[in-house]
Every structure is written in C-alpha cells, then in structure tokens.
Amino acid sequence: MLTQAPRGTRDVLPADSYRWQFIENKMRAAAALAGYREVRTPVFEHTELFLRGVGDTTDIVQKEMYTFEDKGKRSITLKPEGTAGAVRCFLEHNLYAEPLPCKMYYLNSPIFRYENPQSGRLREHHQFGMECFGAKEATVDAELILLAYHLLQDLGIGNLSVEINSIGCPKCRPLYHTRLKEFLSDRMDKLCVTCRERFDRNPLRVLDCKERTCQELTKDAPSMLDLLCDECREHFEQLKACLDQAGIPYRVNARIVRGLDYYTKTVFELVTKTEAGNLTVCGGGRYDNLVEQIGEQSIPAVGFGMGLERVLMLLDSEGIELPKTLWYQVFVTYMGENRPSAFALVQQLRKAGIRADLDHCGRSLKAQFKYANKTGAPITAVIGDEEAANGTVKLKRMTDGEEKTIAIEEVYEAVKEMERR
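Below is the structure:
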C-alpha cells in the first residue's frame, strides 16, 4: 500500500507530462484570446458552500463528496466541482465592484468525487473551467461554447457536436415541474429508486438519469422549451442566432439538464462520437441565481468545465500524437578529469537558454554517449584533455554524425546553427 497510489488517482510521469503541458498551453491561449484571466482557488472549501451552491438533490452532494471534520470541528469538503469556489472567490474579494463582466478561468484544478473510477474520470481528476460574471446576454453563452469547440478542434478531436437546451428560470420552471410530475406520476413504480427520491425535490433531474429503463419511460416527457417564459425564450433564440452566425453545428436537445442544481436558462454539452458511443467532453451553462444564492449580490453568470484526463483520453483514442519537448538540446560528455570543465559548459549553455546536462553518475565516455542517445539529445559536446587545454569543445550532431570543433565562447552560435541545418 505504501508504494501504491490510492484507488481512483493516477500519477503523471515525467515521460508523459509534456502532453499535459501542451494542452494546458492551448487552453491558456484560448482563454487569453477572449480576455479570461486565471484564478486559483483552494482545494477544499467549507462544506456549506457546496450544499447551498451545488444542491442537496445532486448525486455529488448525496453520494460523492469527500467531506471531513478538521481539528477546529469545521466541516470541510475537497471541491467536487469548480464553479462554487469561483463564485465564493468572486464574492469574498468584491470582484463585482470592478468593471463587469469579470472573466476568469482555472486550469489543472483538482476535482474530487467518490465514485467508481471510470474512463476519463478518476476520483481525483483535473478540470479546465471558464466562468463569466456580470453578463446577461446570450452572446457570452455562445462565446464560451465557441471557445470550447474551437479549442477541442485545434487539439485535433473530431466528430464534435454541440448540444444545447434551455431549462428556464424560477419564473417558468415551476409550471414545468407541475407538468413533468403529472407525466411521471403514472410511471413512478417503474422508475429507479434514485428517480423516485428526486420526484418531489427536483423532478427535472429524472431526465438526467442514466438508467435505460428511466430513459425509456421519460422519452415522451413534456419539454421545458414549450413552457419557457418570454425572457428565457428570447435568450435561447439569441443563443441560437449567435451559433448560426458562427457556423458551427449544434442540436437542440431537450433532455440536457446537467447534473447540478444551480443551472438556469442555457445548458450545453460538447459531445464526440467514440467506438464506445457518445462521450461528453465539456459541459456547462448559465447560473444566474447562484451568486445571490451564495452571497447577496444578484449577478448573472455562465461557465463550463472540461476534464483534462478526458481530453487526453480522446486524443489517445483518435491516435493524435502531441509534439514532444526535447529533454535536452545538448548533452555534454567529458573524458578523464575534465568534469569541472564540462560542468562549466553546461552552466554556460543553460544561461544562454539552451537545455543541457552532463553525466552525474561517473560513467565512462562510451556509457555517456549511450545515455545521451537515450535522452534523445540531438547534439553532444565532448571535452577531452586537448579541448580543455585549447579552450575548445567538439560538437556532434547525432542525426548525421557531423562534427565540428569550436571555441568555447562560440558554442551558443554553433549549437543554433547545427539545430537549423
């Protein structure tokens, strides 16, 4: 047990971390284009934040949270999603007093859920999330959908589709709840236990059930889209108009409700087709009442979350190779007692911005070259007695064996020339 990671967690090894860094860089660039700035919130929050924000009818709160009592007898929860913490941060630091909208993103944010580990989602997984506070127009909903869509396209993920829905607001949703309950009442005895529990507290969540029996029983359920108030209907039409202008394929799917209670109006998912069926790679929506629910400010907001592990899994399934970063550009070898000279050359190269190293294990020259090959360094440098005496170094390009001996002070220019050719 001591040398084994807990179930549902996974190490990212040095040989694989370049893949994470690559997609993280793409995500940062996508966020920056639209003026989203990074926020970093704590890994744990007061449990009440999630009870009030996420909703006590959700599977997350009922079954999946890692909650414990700290030494001060406070109930603490490892964050099971990113939005509630972003809202708390927005309120605590009075960001609503700054010019709105306030656009923020979080990246490689650890998310904890106690559930059976599944493909692309572990008990500890990591999210890229974008949140926008203070914008009520559907243009920002469309903006976030497009950012996520183009980001995934840019990474090479194909077969993408956008699915959107509107689940109304507190003005029009009560009538829908009444209609939905009337529809479900004749089917109650056939619904799963979880859906029967949801019937009174949040019947909308029944449409989100993953049980096939429940999906069949609710396939003809009334649609929220037929009962939207004028404000929600106009907002949804604006969203569709923006997506139409952008020319991306989307489908209105009245069954999308998302798994969190705070959503209002827009909900959306980005779905890709895999051999195992459709897989949701990104999901989000509008939560206009959550800021007021947690604090006292009535501020509209919208956002999404995207799992990094799931993105990497999709890249693997589609055979997409991400470009590797060179471990070293130059590996410096030495003969005899010339280790200090080799060490000094490594420092000179690093100071010039060239990734370089030397043998730290006392290997023979032959073994040093063998190790240099394993690192993939395209250029090796050799310092022997003659080079040390003359203030020179011998460079060798490993791809074609080209060699040249140059003065130590010219090593940077020589390395750059060999890299260009």
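Plus 578 on top of the position in the sequence shown (first one is 1) and you've got this note's numbering.
C-beta: ideal position from N, C-alpha, C; glycine also.
Just so you know, these numbers come straight off a predicted model, no measurement behind them.
Straight-line spacing of the CA atoms in residue 989 and residue 973 works out to 9 Å. Closest in C-alpha terms to residue 836, from the list 863, 906, 631, comes 863.
7 Å or more divides the Cβ of residue 908 from the Cβ of residue 832.
Judged by beta-carbon spacing, residue 741 lies within the 7 Å limit of residue 834, meaning their Cβ atoms are closer than that value. At a Cβ-Cβ threshold of 7 Å, residue 720 and residue 820 count as neighbours.
Residue 619 carries a coil assignment under DSSP once its states are collapsed to helix, strand and coil. In the three-state reduction of the DSSP assignment, residue 762 falls in the helix class.
For residue 743, the pairing in a beta bridge is given by DSSP as 845. Around the beta carbon of residue 579, fewer than 16 other beta carbons sit within 10 angstroms, so the residue counts as exposed. Note that the C-beta distance between residue 644 and residue 706 is not below 7 Å.
Between the alpha carbons of residue 830 and residue 794 lies a gap of roughly 19 Å. In the DSSP annotation of this structure, residue 688 is not part of any alpha helix (DSSP H); the continuous beta strand (DSSP E) holding it starts and ends at 680–690. Minimum Cα-Cα distance from residue 940 among the listed residues 775, 952, 986, 915 corresponds to 915.
Around the beta carbon of residue 659, 16 or more other beta carbons lie within 10 angstroms, which makes this residue buried.
The beta carbon of residue 906 is closer than 7 Å to those of 933, 934, 935, 953, 955 in its chain, skipping five residues each way along the sequence. Around the beta carbon of residue 938, fewer than 16 other beta carbons sit within 10 angstroms, so the residue counts as exposed. A contact between stretches requires three or more CB pairs, one per stretch, nearer than 8 Å, and the segment 883–891 fails this requirement with the segment 666–677. If you look at residue 912, you'll find it in the beta strand (DSSP E) that goes 908–912.
Look at the segment 873–921 and you find these whole runs of beta strand (DSSP E), each 3 residues long or longer: 879–885, 908–912. Runs of alpha helix (DSSP H) with 4 or more residues, each lying fully within the segment 934–987, are found at 943–953, 963–968, listed in chain order. The alpha-carbon of residue 982 is positioned some 20 Å away from that of residue 930.
In terms of CA proximity to residue 798, 761 leads the group 814, 948, 782, 761. The segment 777–788 and the segment 723–740 do not touch, with fewer than three beta-carbon pairs separated by less than 8 Å.
A contact is defined here as three or more CB-CB pairs under 8 Å, and the segment 799–811 meets this definition with respect to the segment 737–752.
The beta carbons of residue 726 and residue 848 sit closer together than 7 Å. Of the candidates 617, 618, 640, the residue whose Cα lies closest to the Cα of residue 839 is 640. Boundaries of the beta strand (DSSP E) around residue 654: 653–656. Going by DSSP, residue 710 is part of the beta strand (DSSP E) stretching over 702–711. As the crow flies, the alpha-carbon of residue 620 is around 12 Å from that of residue 661.
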